[in-house]
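At position 38 of the sequence shown the residue is numbered 38 (this note's numbering), and the sequence of numbers has no breaks.
No residue lacks a Cβ here, since even glycine has one placed at the ideal position from N, Cα and C.
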Amino acid sequence: MRKTNKVYGRFRSPADRIFDFCNVIFMLLLMVVTLYPFVNSLAVSLNDANDSIKGGIYLLPREFSWDNYEYVFRDSTIFHATLISALRTVIGTVVTVFCSAMVAYTISRPEFVLRKFVTIAFVLTMYFNGGLIPNFLLVRELGLLGSFWVYIIPGIIGVFNLIIIRSFIDGLPEGILESARMDGAGEFTTFLKIVFPLSVPVLATVALFTGVYQWNSWFDVFLYNSSKLELSTLQYELMKILQNSNTSGSTTGSDVFARGLNADANVVTPTSVRATMTIVASLPIMLVYPFLQKYFVKGMTLGGVKG
Numbered sequence: 001m002r003k004t005n006k007v008y009g010r011f012r013s014p015a016d017r018i019f020d021f022c023n024v025i026f027m028l029l030l031m032v033v034t035l036y037p038f039v040n041s042l043a044v045s046l047n048d049a050n051d052s053i054k055g056g057i058y059l060l061p062r063e064f065s066w067d068n069y070e071y072v073f074r075d076s077t078i079f080h081a082t083l084i085s086a087l088r089t090v091i092g093t094v095v096t097v098f099c100s101a102m103v104a105y106t107i108s109r110p111e112f113v114l115r116k117f118v119t120i121a122f123v124l125t126m127y128f129n130g131g132l133i134p135n136f137l138l139v140r141e142l143g144l145l146g147s148f149w150v151y152i153i154p155g156i157i158g159v160f161n162l163i164i165i166r167s168f169i170d171g172l173p174e175g176i177l178e179s180a181r182m183d184g185a186g187e188f189t190t191f192l193k194i195v196f197p198l199s200v201p202v203l204a205t206v207a208l209f210t211g212v213y214q215w216n217s218w219f220d221v222f223l224y225n226s227s228k229l230e231l232s233t234l235q236y237e238l239m240k241i242l243q244n245s246n247t248s249g250s251t252t253g254s255d256v257f258a259r260g261l262n263a264d265a266n267v268v269t270p271t272s273v274r275a276t277m278t279i280v281a282s283l284p285i286m287l288v289y290p291f292l293q294k295y296f297v298k299g300m301t302l303g304g305v306k307g
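This is the structure we're talking about:
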């Protein structure tokens, strides 16, 4: 077999070689297109803001400076807002994934007589929405205004995630579930000890989607907790910093402006602030992604049922 593979690799057809060459070129171009915006934003954020106006910054900073990051993190509320963002991301992801998985398992069971009705009711919410004002009134009547749980409870079930999890559970071997029931396991035990562990790949994917949404969300803070500084999130604080930078840049009549009361204040620009915010907001998610990537591999149920 090894000799056959060597011979096959040595005498490949010209069409195969052309395909491999084009495939490598395409993947390299895709990698460049994907990575360049992030690398360019990193270079701009680490470059002196006054020098960045000249342009010509692509992959590396021309005049290295920490002024942009000092400007963004000079307010102590940023660190508390980062903690709130981390808490809502972790708690919101765990609660949303677990609850969505339970509902998905319920509507996937053939013995559940209302499964079609409940599924249709969920799907309709993807196309019809009450609107911003009814949602605000509902949150107010639930007593969630000015509370941390306004970030968690309204989005505790995501219909799109629900459909993805249900489709995965439908593909699980029914024999595993039947054997669990024959051993006396109830529905919740079957879900918790059989379905939930086997659904780790799809749950990790949904957790990544939910975590990115929770981390990047700021509009709900603006609607429900804008007057609660202790419940502000990192994204909302960064949004306010960007608004302040744009306003200061327009009022001075120049793209460069200084923040502070002394002459040694950091000089930044709206462009440099946007680049810095991009790095600050995206870096935590990029650090978490490699730990979830390994769970994207399917086929965990192979060998679970033997004929």
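Three-way DSSP call (helix, strand, coil) for Val256 in this model
Against the sequence shown, residue 256 aligns to sequence position 256. For Val256, the predicted structure reports a pLDDT of 45, less than 50, and the residue's modelled location is therefore unreliable. A value from the coordinates is still provided. Looking at Val256 - three-state DSSP - the assignment turns out to be coil, as it is neither helix nor strand.
From the DSSP output, in three-state form, read off Asn244 for me.
The residue you call residue 244 lines up with position 244 of the sequence shown. Asn244 falls in the helix class under three-state DSSP.
Just curious, the alpha helix (DSSP H) that Phe168 is in, first and last residue?
The residue you call residue 168 lines up with position 168 of the sequence shown. Note, Phe168: alpha helix (DSSP H), 159–170.
Alpha carbon to alpha carbon, how far is Trp218 from Pro197?
To locate residue 218, count along the sequence shown from 1; it is residue 218. To locate residue 197, count along the sequence shown from 1; it is residue 197. Each residue's alpha carbon lies about 32 Å from the other.
Can you tell which of Ser100, Ser147, Arg274 has the C-alpha that lies nearest to the C-alpha of Gly195?
For the purposes of this step, residue 195 is taken as the residue at position 195 of the sequence shown. According to the sequence displayed, residue 195 carries Val and not Gly. Out of Ser100, Ser147, Arg274, Ser100 has the C-alpha closest to the C-alpha of Val195.
Spatial neighbours of Ala281 in its chain, beta-carbon cut-off 8 Å, leaving aside the 5 residues before and after
By 1-based counting over the sequence shown, the position of residue 281 is 281. The residues are Trp215, Asn216, Leu234, Gln235, Leu238.
Residue range of the alpha helix (DSSP H) that includes Ser85:
Sequence index remark: in the sequence shown, residue 85 carries index 85 (1-based). 77–108 is the extent of the alpha helix (DSSP H) around Ser85.
Beta-bridge partners of Asn129, as assigned by DSSP:
Position 129 of the sequence shown, counted from the first residue, corresponds to residue 129. Looking at the DSSP assignment, Asn129 forms no beta bridge with any residue, so it has no partner.
If we count the other Cβ atoms within 10 Å of its Cβ and call it buried at 16 or more, is Val206 buried or exposed?
As a working mapping, residue 206 is identified with position 206 in the sequence shown. It counts as buried.
How many Å lie between Lys240 and Arg274 at the Cα?
Sequence index remark: in the sequence shown, residue 240 carries index 240 (1-based). Sequence index remark: in the sequence shown, residue 274 carries index 274 (1-based). Using only the alpha carbons, I get a separation of about 12 Å.
Do you know offhand how far Arg17's Cα is from Val24's?
As a first step, residue 17 is located in the sequence shown; it is residue number 17 there, counting from the start. As a first step, residue 24 is located in the sequence shown; it is residue number 24 there, counting from the start. Their backbone Cα atoms lie some 11 Å apart in a straight line.
Rounded C-alpha distance that separates Lys54 from Ser227
Residue 54 sits at position 54 when you count from the first residue of the sequence shown. Residue 227 sits at position 227 when you count from the first residue of the sequence shown. Lys54 and Ser227: Cα-Cα distance of roughly 39 Å.
Who are the Cβ neighbours of Phe188 in its own chain at under 6 Å, not counting the five residues just before and after it?
Residue numbering aside, residue 188 sits at position 188 when the sequence shown is read from its first letter. Counting only Cβ-Cβ distances below 6 Å, and skipping sequence neighbours, we find nothing.
C-beta contact flag for Met315 and Val95 at 8 Å:
This structure cannot settle anything about residue 315, because the visible part of the chain is limited to 1 through 307.
So who's on the other strand from Phe122, going by DSSP bridges?
Looking up residue 122 in the sequence shown gives position 122. Answer is none; Phe122 lacks a bridge partner.
Using a threshold of 8 Å, state whether the C-beta atoms of Ala86 and Val267 are closer than that.
Position 86 of the sequence shown, counted from the first residue, corresponds to residue 86. Position 267 of the sequence shown, counted from the first residue, corresponds to residue 267. No, the Cβ-Cβ distance between Ala86 and Val267 is not below 8 Å.
What distance in whole Å lies between the Cβ atoms of Val118 and Ile133, which are believed to be in contact at a cut-off of 8 Å?
On the sequence shown, position 133 is the one that residue 133 refers to. On the sequence shown, position 118 is the one that residue 118 refers to. No, Ile133 and Val118 are not in contact; Cβ-Cβ is about 27 Å, not under 8 Å.
May I ask you to report which of helix, strand or coil DSSP gives Asn225?
Taking the sequence shown and counting its residues from 1, the one referred to as residue 225 is at position 225. In the structure shown, Asn225 sits in coil (DSSP, three-state: anything other than H, G, I, E or B).
Secondary structure of Phe26, DSSP reduced to three states
Within the sequence shown, residue 26 is the residue found at index 26, counting from 1. Phe26: helix per DSSP, three-state reduction.
Cutoff 7 Å; reference Ser76; Cβ partners in own chain excluding five residues on either side
Here residue 76 is taken as the residue at index 76 of the sequence shown, counted from 1. So the list is empty, once near-sequence residues are dropped.
Reference Leu145, options Leu223, Arg12, Asn129, Glu63, closest by Cα
Residue mapping note: residue 145 aligns to position 145 of the sequence shown, counting from 1. It is Leu223 whose Cα lies nearest to the Cα of Leu145.
Quick one: grab the DSSP three-state call for Phe188.
As a working note, residue 188 is residue 188 in the sequence shown. In the structure shown, Phe188 sits in a helix (DSSP, three-state: H, G or I).
In terms of alpha-carbon separation, which member of Met31, Tyr69, Asp20 lies closest to Leu42?
Here residue 42 corresponds to residue number 42 of the sequence shown, with the count starting at 1. When each option's Cα is compared against that of Leu42, the closest is Tyr69.
Give the secondary structure of Phe38 by DSSP, where H, G and I count as helix, E and B as strand, and everything else as coil.
One-based indexing of the sequence shown puts residue 38 at position 38. If DSSP states are grouped into helix, strand and coil, Phe38 belongs with the helices.
Phe73, DSSP secondary structure in three states:
For this step, residue 73 is matched to residue 73 along the sequence shown. Phe73 falls in the coil class under three-state DSSP.
Cutting at 6 Å between CB atoms, please list the residues of its own chain near Leu208, excluding the five before and the five after it.
Stepping through the sequence shown from its first residue, residue 208 is reached at position 208. Here the set comprises Leu292.
Cβ-heavy atom distance, Val90 to the ligand MG, below 7 Å
The ligand MG is absent from the structure shown, which contains no ligand whatsoever.
From this set, Thr269, Lys193, Pro14, Val202, which residue's C-alpha is nearest Phe168's C-alpha?
If you number the sequence shown from 1, residue 168 lands on position 168. Considering only alpha carbons, the answer is Val202.
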